[in-house]
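Asker: Residue numbering for the sequence shown follows this note's numbering, beginning at 625 and increasing consecutively. Cβ coordinates follow ideal geometry from the N, Cα and C atoms, glycine included.
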Amino acid sequence: MSPRASEPARVPAWAVVALAAGTVATLAAAGGAVLTALMSRAIVIPSLPVDDVRILGYDEEYGTVALSVSADSILPGLYSLRFSGDTGHARLGEVLSVSDGIVVRSVIQVDYGDLGRARNGRISGWYYIHPRELDVPVDEVEVFTSVGPAPAWFVPSVDGSRSKWVIQVHGRGVRRGETIRAIPVFRERGYNTLSISYRNDGEAPRSSDGRYALGDTEWQDLDAAITYAVDHGATDIVLMGWSMGGAIALQAMGRAVHRDRIRAIALESPAVDWRDVLRYHGRARHAPELVGDAAFATVTHPWGRVVTGQDQPLDLDRLDFVKRSDEVDVPVLILHSDDDGYVPSTGSRKLAEARPDLVTFVPFSVARHTKLWNYDRAKWTTAIDGWLAANAL
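#1: Considering only DSSP beta bridges, list what M877 is partnered with.
#2: Who pairs with K788 in a beta bridge, going by DSSP?
#3: With a Cβ-Cβ cutoff of 9 Å, do S694 and V719 count as a contact?
#4: Touch check for the segment 726-733 and the segment 997-1012: three-plus C-beta pairs under 8 Å?
#5: Within a Cβ cutoff of 7 Å, which residues of the same chain sit near Y736, ignoring the five residues on either side of it in sequence?
#6: If you reduce the DSSP assignment to three classes, tell me which class A695 lands in.
#7: I'd like to know whether the C-beta atoms of M864 and A880 end up nearer to each other than 9 Å.
#8: Taking the CB atoms as reference points, tell me whether R746 and V674 lie closer together than 9 Å.
#9: With 16 as the cutoff for other CB atoms within 10 Å, does V689 come out buried or exposed?
#10: By DSSP, does S781 sit in helix, in strand, or in coil?
#11: Find the nearest neighbour of V767 within the set T841, D855, Y966, judged by alpha-carbon distance.
#12: Closest to R799 by C-alpha separation, out of D783, D953, G826, would be which residue?
#13: Mark H1034 as exposed unless 16 or more other C-beta atoms lie within 10 angstroms of its C-beta, in which case mark it buried.
#14: Can you give, in chain order, each stretch of the beta strand (DSSP E) that sits fully within the segment 686-745 and has at least 3 residues?
#15: Distance, Cα to Cα, T647 vs R907?
#16: So what does DSSP say about P894, is it helix, strand or coil?
#17: Bridge partners for E766 per DSSP, in chain order?
#18: Going straight from the alpha carbon of I732 to that of R715, what length do you get?
#19: If I follow the unbroken alpha helix (DSSP H) through I679, where does it start and stop?
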């Protein structure tokens, strides 16, 4: 006898369970796809720095500022405080006190912006704004790259000789001002300094896709800078790369037209193995390992451009100088903090262990990412100066 019209048909319990399981699986797959897409895009799309420190008060009379405690805001040393969405800049001195989640630091000077009205900012190791603050002559020049003219600063050597050059390459998400700290130690050793910009950094021209390639295309702009130096008398060139700039410098070592002029490479908090770096960030964001692997596949295969907008996929093997350690053919200095917080020091240590004949590793602790000069200027300067002397550079 068929059920009455008023009675709903009964669905078997197993069917309900299967439907629910299928729905959960579908949602999980969709969520995984979204996370993969977000992670893939984060790898290659330039992003603006985040103001992650609260500014709790500025006492202009006493020259102090109160900040929320963070791993960066309590670091000893000299730093920049960039505030209100980069509309303000102040120089910070040492920590004066820490209590109840508040750190009080001395304020050396406010360069621009209204610190009294600021509510948020970020601590930066990029201490100087322009090389002229060092009381050195500076020329604004342009390096002609394949994507267009890229601005650079040229600081001549003390003796006026044009044979020895250091080319400074800043890191991801910042600009060439990051590298100003290195001018004095090289200048005292007779080097001309060229601090460059590169595609998609906000100063140099944008590439056709507007995407980072983690050094895999940016090295071409460094190559153009090396050619610029050679055209202006350089016979001996040292490359110095900061963070992602380290990956760019390592690529140029083997791919630049005038790579025979490269005598050595100095690296500050460098990205030596991008898989290691990206997995570190995935763990920090509690992303499942499968999502990370899927993101790697997305950025390294042609079909991934639908998600990322890349013109060309990344070659993470080509960017891995732990695997390619046998290709290092010039002296390399690596300065890296073991609690970097952004680029783990594991890749740097592994490269040094693989090539003790050419790679000198100077470990720091506490200093965090690209803030080694700020934290311990004496150790940082001595390490570079001693390395240059030891290698007769």
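Answerer: The answer reads as follows:
#1: Answer is none; M877 lacks a bridge partner.
#2: D860
#3: no
#4: no
#5: G712, H713
#6: coil
#7: no
#8: yes
#9: buried
#10: coil
#11: D855
#12: Looking only at D783, D953, G826, the smallest Cα-Cα distance to R799 is reached by G826.
#13: Because the chain here runs from 625 to 1017, residue 1034 falls outside it and cannot be looked at.
#14: 688-692, 703-707, 712-723, 726-736
#15: For T647, the predicted model reports a pLDDT of 40, less than 50, meaning its position is unreliable; a value from the coordinates is still stated below. Each residue's Cα considered, the two are about 27 Å apart.
#16: coil
#17: Beta-bridge pairing links E766 to P775.
#18: 5 Å
#19: Here I679 belongs to no alpha helix (DSSP H); instead the beta strand (DSSP E) covers 677-683.
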